[in-house]
Amino acid sequence: MIVTTPHEAGAAVIAQAQELAREWGVPFVERRKQPLSRLYAHSPDVLVITEAGFKAHREGEARPLFFHPGMAMLRIKRLLSGDTDAMVQAFALMPGDAVLDCTLGLAGDAIVASYAAGASGRVVGLESSSILARVMADGLTRYESGIQELDEAMRRIEVRNEQHLTFLAQCENNSFDIVYFDPMFFVPIEASESISPLRPFADHAPLIEEAVAEAVRVARRRVVMKNHSRSPDFARLGFMRIPKAVERTFTYGIIDTGGDA
Ligand SMILES: C[S@@+](CC[C@H](N)C(=O)[O-])C[C@H]1O[C@@H](n2cnc3c(N)ncnc32)[C@H](O)[C@@H]1O
Numbered sequence: 001m002i003v004t005t006p007h008e009a010g011a012a013v014i015a016q017a018q019e020l021a022r023e024w025g026v027p028f029v030e031r032r033k034q035p036l037s038r039l040y041a042h043s044p045d046v047l048v049i050t051e052a053g054f055k056a057h058r059e060g061e062a063r064p065l066f067f068h069p070g071m072a073m074l075r076i077k078r079l080l081s082g083d084t085d086a087m088v089q090a091f092a093l094m095p096g097d098a099v100l101d102c103t104l105g106l107a108g109d110a111i112v113a114s115y116a117a118g119a120s121g122r123v124v125g126l127e128s129s130s131i132l133a134r135v136m137a138d139g140l141t142r143y144e145s146g147i148q149e150l151d152e153a154m155r156r157i158e159v160r161n162e163q164h165l166t167f168l169a170q171c172e173n174n175s176f177d178i179v180y181f182d183p184m185f186f187v188p189i190e191a192s193e194s195i196s197p198l199r200p201f202a203d204h205a206p207l208i209e210e211a212v213a214e215a216v217r218v219a220r221r222r223v224v225m226k227n228h229s230r231s232p233d234f235a236r237l238g239f240m241r242i243p244k245a246v247e248r249t250f251t252y253g254i255i256d257t258g259g260d261a
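Using the working numbering, read the sequence shown as starting at 1 and increasing by one per residue.
As structure tokens, this is what we get:
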């Protein structure tokens, strides 16, 4: 990966990009008038630091990756108007809960969990792809949605660029109420069109039994997995599948770990 700026960047953005490149130990390349196609000679991954946020480009991919609370905003608006959310229900999530999101991705689920857990709750989001973790950490810290509850929910999320198995292995027993996995589906589905810019940067490794066993130890109340409704992973990993809602191609599976609500 290299770090650069847009063509017309001001001194402050250039200084920020140089500082980040130094902090991450990756090359900073001065943009001058260079098109992206020229920058790919340095690396297939180009992270552009802009005044509004980070944009990650991968050579050969049409769409860049950037932070946007998109679907989370819709889901929170629905919750604000008194509607339910299938994930919040699958979590049996309550204000004050501590949630470990083991697969942060575009952070949509983490934002909704953070909103539902409220100011007294805690959400930690783990992401093994460093470029994704960096883009999300930046967006969650400074994106202004115009909805106070959403902005506060985003600011509360703690992003960590880590493999979930490594993190889970270091957690105390029962240290989170809910542990959540949303691994990449093997076959991209229509409903996941909104996550397509994530695919080139994402870690596609399947969820392993050892990680689920650690999650069961760490989760005080429940381990939840989202997956394709026909995924064999529910049975393979010991999750009780919630019957899918009619219009959905995915559903949630649950392992109850016995803690009281
Ligand atoms: C389907 S996406 C999650 C989408 C997310 N729930 C959302 O709302 O945007 C799965 C994410 O998990 C990440 N991931 C896969 N394996 C991981 C691991 N072992 N540790 C941490 N993150 C992982 C991938 O890089 C990808 O970004």
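Glycine included, C-beta positions come from ideal geometry on N, C-alpha and C.
Using a threshold of 7 Å, state whether the C-beta atoms of residue i and residue j are closer than that.
i	j	result
Arg230	Asn173	no
Met225	His204	no
Ile2	Pro27	yes
Thr103	Asp177	no
Gln168	Ala113	Before going further, note that residue 168 is Leu rather than Gln in the sequence given. No, these two residues do not count as a Cβ contact at 7 Å.
Pro197	Arg58	no
Val135	Phe54	yes
Leu100	Val223	no
Ala41	Leu47	no
Pro69	Ile111	yes
Given 6 Å as the limit, tell me if residue i has its C-beta closer than that to any heavy atom belonging to ligand 1.
i	result
Glu127	yes
Thr166	no
Gln163	yes
Thr249	no
Ala202	yes
Met154	no
Gly70	no
Leu132	yes
Ala205	yes
Asp85	no
Gly258	no
Leu39	no
Tyr105	Checking the sequence shown, residue 105 turns out to be Gly, not Tyr. Result yes, Cβ under 6 Å from ligand 1.
Asp138	no
Gly108	yes
Asp182	yes
Do you know whose CA, among the options, lies nearest residue i's CA?
i	options	result
Arg236	Ile255, Ala90, Ile76	Ile255
Arg75	Thr50, Phe54, Leu104, Gly108	Gly108
Ala62	Gly53, Ala52, Ala72, Asp45	Asp45
Met73	Lys33, His164, Ser37, Ser145	Ser145
His7	Leu79, Lys33, Ala21, Glu127	Lys33
Arg155	Val124, Ala90, His164, Val179	Val124
Ala261	Gln89, Pro35, Gly238, Ala21	Gln89
Ala12	Val29, Glu51, Ala21	Glu51
Asn161	Gly96, Ala133, Arg142, Ser175	Ala133
Ile147	Gly105, Gly60, Arg78, Ser175	Arg78
Leu65	Val212, Asp85, Gly105	Gly105
Ser96	Ala117, Arg22, His228, Gln18	Rather than Ser, the amino acid found at residue 96 in this sequence is Gly. With distances taken between Cα atoms, Gly96 lies closest to Ala117.
Thr249	Trp24, Arg142, Gln170, Ala86	Ala86
Asp151	Gln16, Ala119, Ile242	Ala119
Arg220	Thr141, Ala9, Cys171, Leu20	Cys171
Gly60	Gly25, Leu36, Asp83	Leu36
Thr251	Pro206, Gly238, Asn227	Asn227
Ala153	Tyr143, Tyr115, Thr84, Ala137	Tyr115
Gln163	Arg142, Pro206, Val29	Pro206
Return the Cβ separation of residue i and residue j in integer angstroms, given the expectation that the two are a contact with Cβ distance under 8 Å.
i	j	result
Gly121	Ala98	6 Å
Gly253	Met240	6 Å
Ser129	Ala202	6 Å
Phe67	Gly139	2 Å
Glu210	Leu165	6 Å
Arg31	Thr5	5 Å
Leu80	Glu149	7 Å
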